[in-house]
Each structure stands twice: as structure tokens, then as C-alpha cells.
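Residue numbers (this note's numbering), protein chains in the order written: chain C, 1 to 256; chain X, 1001 to 1259.
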């Protein structure tokens, strides 16, 4: 399950102290069904804004975003979103948080679904706990379960592991790939972590800032199981790295 | 073993809490027994306790307090209902907020005691004027804290609500209200304690019954032990009410525990 996305000529400006600041300029991107696309860029390059436009939480000034041919007009349960902060409701148990998007289902159904996704993220024993009682990594897992529970065809991830410690981050990245394999959602992630991008992505979209434009799109051909220590992995990392820190054109030996 | 250390800890916490009251009582006792303070100004504890006992057994203290409490119940209940309702409205709706804000801020500046003369003219010296004073006193802390709680709701959580298509009512019950609840309880607590002040104040100025009236009456008859007994009764009941509302607050916001 998954849906294809077409982003065409999207422009977006914000008013900052009466001045128009362009954050997104002529963004065009096609994302295939079931693809994992990671958008990399400096903070403030508009990548999160782009994600919010896809989510329907932000409107674009011009251009269109289509999901399976239908234009995005607002938030919908065909899209799920995971934020940098877990954004769980502190007053609801983990279980109730996961059931948040399951309106109109019976209590029993809701429980079945939340049980299923909590076991997927290995939080079954904590379903009655409040978010305040969980660690950062566990809270983010619960947020993943909440986003998956509505079975969204497109999962949007806004720097979801940005606030986690390095080890938890690696653990959750691997789990995310397993989930991807099982649920087959289309996934779009925004990050500034180059290693994360190379580890997860089918394609990496490199964005430049002010205004945010797509600099390049790189297909990552490293197969399904990726070795963070491998030489090919390092070459991809270097290649992406060069977009941000060296202005020269990528040297031919990295041209893979 | 573990349980035992926990018990010892509880005892220590309790001692920590009651140490100051005990010290005050000891100081009071020696100040009067040694003759450092004239018993005309500060009666002996034993005299006050004696008075407290006779007042309770004769039922005067009990009926005075019952009258004052029933006034609080009416005025406070009114303040809770209207304060929370309007607070929610003002917190959720900018237009409503701007509409009421100036007027309410202006009214708030007038101390509740200054309301008493005009309320007596409007409502007489009976029940209504007392209930009105209590309402005015308790209403604003409840209103202000409710508005504040609703307004401080994390917009990031509201965004999540939009993501999951919660309708207006669901956004209110699942996000705004629980988010504001701790703050609302702060208002309820403050409102309850100022209710006491308001009712006693109003009863001291114009009333024929109630604990405030009793204190004022005893003062004019120079029965100072009765004044002290009344004050102690107010303090004790105030503490009990504070405990009750803290307990309700904790029961209603279980997620706040251990934070």
C-alpha cells in the first residue's frame, strides 16, 4: 500500500516583519508509490514547510500537490505525520494516543489496532503509561505507532529522530526500515543528518536554502541492507556532504 | 526493610510539615504563661481551646460556620460555573476575549471589600449580598486562570489534532480542556481561598449571622478568646478545603503526577 505524489511548481513565501521572504521556489518532485524519499538541507531551507504543505497543514502560494491525482486541500488520514517532538498528548495513555486518529471505530476495534501497532514498535507493556513516564526514544516509538495506526498511505517524517541520542537513533532507523517493509507506505522524510539519509533513502533530494530549491536528486543504489561502514556508503555520504560544504562540482571518482 | 524506610520517610515529611505550627503554639504558650504578653491582648491557648470547646458544644460556632459555608457554596458554585464557561469562551475565541477584557480588567481592580457597600444597597444585608461578594471575589481568579490555561495550549498539539481531523468539539475535549485543567485548578484553589476572605469580610461589615459576624460581635463585647476561636476555625476549615481541592485536582490530572 502506498500512493504516488506529484509536486508541481510549488512556491511559498512568508511575511517576516512585513517583508516577503521566499522559502520555497519552483519545487517540482515526483514520488513513486512505496518510495522512501529523504529531503536533506540546512535548517531554514524550507524542507519542513514543504512537508507541511504535503500534509495539508500549510498552504502553498502557487503550484499543486497531488496524491494519486487528487489535489491536497487540507490534512487527511491518507497521510500520517511524525514530528521531531513526539507530540503525544500528555493527558492520554500511550494506548489512547495511538487511537487518536481512529474515529468512528468501535472500542474493541480501536484496542485491536492500537495493540497491533504498539507491539510493532515494542511498547505493548507500556500501553497504560502516560507519555511523561516514557523515555524520549520510547515516546517517539509511540508517535510512530500513532502515525501508523490510521494506515496512512503516505507517511511524512519531519526530522523524527533529530532529538534522540545517537544509539536510539540508529535503533529507530532500523526499525523504521522494517516497518517500511511490512506496511509498504510511501515515506517522505526531512532531515539534516546525511548518514540517516543515505541509510534510509531510495532517493535523496538535496535542497539549497533561501529560497529553498531542489539542487539535485540522488538515487541511492545500495540495496535493502546497508552497511554504514561500507565504502559505497561512505561515497554517497561524501557526495551529499559536498553539496553543502564544498562548492566545487563533485569529483568524477565519486560519480557513482 | 524497604517499606520500613519508606514509613520513616513519611514520618519525617509529616514532621517537616507540622514543625512550624508546633513552634508557634509553643511560643504562644510561653508568651502568655510567662506574662510577657497581657492575656487581654493575647489570650492563653487554654482559654481559647476552652472557648472553642464550649462554642462547639453549644453549637454557636457550628451554626455560624454552617451559615458562612452555605454562602460560600452558593457564591463559589456560581463563580466556578460562570468563570470556567466564560474563561473557555475567552480562551478559545479572540473576539470574545477582546470584547470582555477591558471591562473585566477594570472591575478586577476594585477590591471586593469596596464592593460591599454598593452590594448591600442593591441586595440588602441578607444572603444575596454575601453570595454576590463571594461570587465577585472567586470569579476573577477562576476566569483568569482558565483563560490562561486555554491560551497556553501547545499549538503543536493542536496541529496534531488537525492532522487527525478532530472536529472543534473533539479539539476542545481532547486538547484544550485537558491542557488547561492544571491551570483551571490553580484558579479554583485561589478562588476558594478568597471566598473565605470575602465572606468573612462581608459578614464583618454587615450581617446578623455567620462566622465573620460572630468575630466582629465578640470584638465589640471584648470577648477576645471568641475572636481567636473564630479565626482558628476559619484557618482550619480553609486548610481542609485546600486539601480537598488539591486531592480532586490530583485525581483529575493523573498525568501530572511525578513531574
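From the three backbone atoms N, C-alpha and C, an ideal C-beta is built for every residue, glycine too.
Would you give the residue range spanned by the beta strand (DSSP E) that residue 66(C) belongs to? 62-67
Considering only their Cβ atoms, is the gap separating residue 128(C) from residue 85(C) smaller than 8 Å? no
Cutoff 8 Å: residue 145(C) Cβ touching any chain X Cβ: With 8 Å as the cut-off, residue 145(C) does not count as an interface residue toward chain X.
Same chain, Cβ closer than 8 Å to residue 118(C), five either side skipped, listed in chain order: So the list reads 94, 95, 98, 124, 126, 127, 142 and 145, once near-sequence residues are dropped.
Opposite residue 29(C) in the DSSP bridges: which residues? 7(C)
Would residue 1032(X) and residue 1042(X) be called neighbours here (beta carbons separated by less than 8 Å)? Contact: yes.
Does DSSP classify residue 1037(X) as helix, strand or coil? coil
Just mark residue 36(C) as buried or exposed, buried being the case when its beta carbon has 16 or more other beta carbons within 10 Å. buried
Does DSSP put residue 186(C) in a helix, a strand or coil? Strand at residue 186(C).
Residue 1198(X): which of 1009(X), 1154(X), 1238(X) and 1228(X) sits nearest, CA to CA? 1238(X)
Please report whether the beta-carbon of residue 1029(X) lies at a distance below 8 Å from any beta-carbon of chain C. no
The beta strand (DSSP E) spanning residue 121(C) covers which residue range? Counted as a single uninterrupted DSSP element, the stretch harbouring residue 121(C) is not any beta strand (DSSP E), since DSSP gives it neither H nor E.
For residue 204(C), which option in 88(C), 185(C) and 243(C) has the closest C-alpha, if you only look at C-alpha atoms? 243(C)
So, at 6 Å on beta carbons, what are the nonlocal neighbours of residue 218(C) in its own chain, with the 5 sequence-adjacent residues on each side left out? 204
Straight-line CA distance for residue 256(C) to residue 102(C)? Note on residue 256(C): pLDDT 48, under 50, position unreliable in the model; the coordinate value appears next. Straight-line spacing of the CA atoms in residue 256(C) and residue 102(C) works out to 45 Å.
Which residues in chain C have a C-beta closer than 7 Å to the C-beta of residue 1159(X)? List them in chain order. Chain C residues near residue 1159(X): 57.
Use the C-beta contact count for residue 79(C): other C-beta atoms within 10 angstroms, 16 or more gives buried, fewer gives exposed. Buried, by the Cβ-count rule.
Hey, out of 176(C), 3(C) and 147(C), whose CA is closest to residue 30(C)'s CA? Taking residue 30(C) as reference, the option from 176(C), 3(C) and 147(C) with the minimal CA-CA separation is 3(C).
Going by DSSP in three states, residue 1242(X) sits in which element: helix, strand or coil? helix
How far does the alpha helix (DSSP H) with residue 239(C) in it extend, from its first residue to its last? 231-245
Could you check which residue in 1160(X), 1250(X) and 1211(X) has the C-alpha nearest to that of residue 74(C)? 1160(X)
Chain-order list of residues whose beta-carbon lies under 6 Å from that of residue 1190(X) (same chain, five-residue window excluded): Here the set comprises 1141.
Sub-8 Å separation of residue 1119(X) and residue 1138(X) beta-carbons: no
If the cut-off is 9 Å on Cβ atoms, which residues from the segment 194-224 of chain C count as contacting chain X, listed in chain order? Of all residues in the segment 194-224 of chain C, none has a Cβ within less than 9 Å of some Cβ in chain X.
Beta carbon of residue 1184(X), beta carbon of residue 1068(X): below 8 Å? no
Quick one, are the C-beta atoms of residue 1188(X) and residue 1080(X) less than 8 Å apart? yes
Along the beta strand (DSSP E) that carries residue 1147(X), what are the first and last residues, could you check? No beta strand (DSSP E) contains residue 1147(X), which is instead part of the alpha helix (DSSP H) from 1127-1151.
Whether residue 1076(X) touches residue 1134(X) by CB criterion (8 Å): yes
Chain X contacts made by the segment 104-127 of chain C, where a contact means CB separation under 8 Å: none
Whole-angstrom Cβ separation of residue 1253(X) and residue 1181(X), contact assumed at under 8 Å? 5 Å
Note down the Cα distance separating residue 1166(X) from residue 114(C), rounded to an integer number of angstroms. 18 Å
The segment 10-30 of chain C in contact with the segment 47-61 of chain C per 3-pair CB rule at 8 Å: Contact between the segment 10-30 of chain C and the segment 47-61 of chain C is established, with three or more Cβ pairs separated by less than 8 Å.
Expected contact under 8 Å - CB spacing of residue 1194(X) and residue 1146(X) to nearest Å: The pair is not a contact, with the Cβ atoms about 15 Å apart (cut-off 8 Å).
Residues of chain C with CB closer than 7 Å to the CB of residue 1255(X), please, in chain order. 90, 91, 130 and 132
With 8 Å as the limit, tell me which residues of the segment 59-73 of chain C have their beta carbon closer than that to any beta carbon of chain X; keep them in chain order. Listed by position along the chain: nothing, the set is empty.
Please identify the residue among 83(C), 81(C) and 56(C) whose C-alpha is closest to the C-alpha of residue 70(C). The shortest C-alpha to C-alpha distance from residue 70(C) to any of 83(C), 81(C) and 56(C) is the one to 56(C).
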